[in-house]
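Q:
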Amino acid sequence: PCPKGSRVHRAFVKSSGGKEQFPFLLDPNTGVSMYESSDIVNYLFQEYGERSKPTFGILESNLVTGWVPTIIRAGGGMSLWNGALPNPPQKLLELYSNNHFARLVREALCELELPYILWNTGKGSLNCSKLK
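End of the sequence shown sits at 132 in full-length UniProt numbering; the numbers just go up one at a time, nothing left out.
Following this line, the structure appears as structure tokens:
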């Protein structure tokens, strides 16, 4: 999580990529680092997908649906909460999500600058068994 006012993670991104811009991808498998959502999505499909490009429209629709809730919620999850503790827990928190309302939880994790592992478990996902 890299909220505005971050005490930890923004410095890492700046030292790794040269600037505080998000999203930022650092792929330890290839050594590639990059900014820009569309570049990252194209890279992921090329490097880890079976086809070289994402389906037409996936980037455009996700940019709109991703930003609309942020605007409606007045930038929820974008800034460090004043009451956030300076030291996160030693063990990473794990979030298992199969619900779009989990966005509120991700916003809270970001505002508190709590590192976490996210397991996306969409309907029919193989990860659903981990929730039981």
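Idealized CB from N, CA, C, for every residue including glycine.
1. Can you grab the Cα-Cα spacing for the pair Asn87 / Val13, in whole Å?
2. Can you name the residues that DSSP bridges to Lys4?
3. Under a Cβ-count criterion, where at least 16 other Cβ atoms within 10 Å of its own Cβ denotes burial, should Phe101 be classed as buried or exposed?
4. Among Gly77, Ser97 and Lys4, whose alpha-carbon lies nearest the alpha-carbon of Gly122?
5. Between Asp27, Phe22 and Pro115, which lies nearest to Glu36 when the distance is taken from Cα to Cα?
6. Could you spell out where the alpha helix (DSSP H) holding Phe22 opens and where it closes?
7. Starting from Ser33, follow the beta strand (DSSP E) in both directions and report where the run begins and ends.
8. Less than 8 Å separating the beta-carbons of Leu44 and Ser33?
9. Within its chain, find whatever has a CB closer than 8 Å to the CB of Ser79; leave out the 5 residues flanking it on each side and keep chain order.
10. Just checking Tyr43 against the ligand ZN - is the residue's beta carbon closer than 7 Å to any of the ligand's heavy atoms?
11. Whole-angstrom Cβ separation of Glu107 and His9, contact assumed at under 8 Å?
A: To lay it out plainly:
1. In this structure, the alpha-carbon of Asn87 lies about 19 Å from that of Val13.
2. Partner(s): Ser79.
3. When all chains shown are included, Phe101 counts as exposed.
4. For Gly122, the closest of Gly77, Ser97 and Lys4 by C-alpha to C-alpha distance is Ser97.
5. For the set Asp27, Phe22 and Pro115, the Cα lying nearest the Cα of Glu36 is the one of Phe22.
6. That residue, Phe22, is in no alpha helix (DSSP H); it is neither H nor E in DSSP.
7. Here the beta strand (DSSP E) through Ser33 covers Val32 to Tyr35.
8. No, the pair does not count as a contact, with Cβ atoms beyond the cut-off.
9. Sequence-distant Cβ neighbours of Ser79 in its own chain, meaning closer than 8 Å and more than five residues away, are Pro3, Lys4, Gly5 and Glu111.
10. Of the ligands one can find in the structure shown there are none, so the ligand ZN has no counterpart to examine.
11. Actually they are not in contact, since the Cβ atoms of Glu107 and His9 sit about 16 Å apart, beyond 8 Å.
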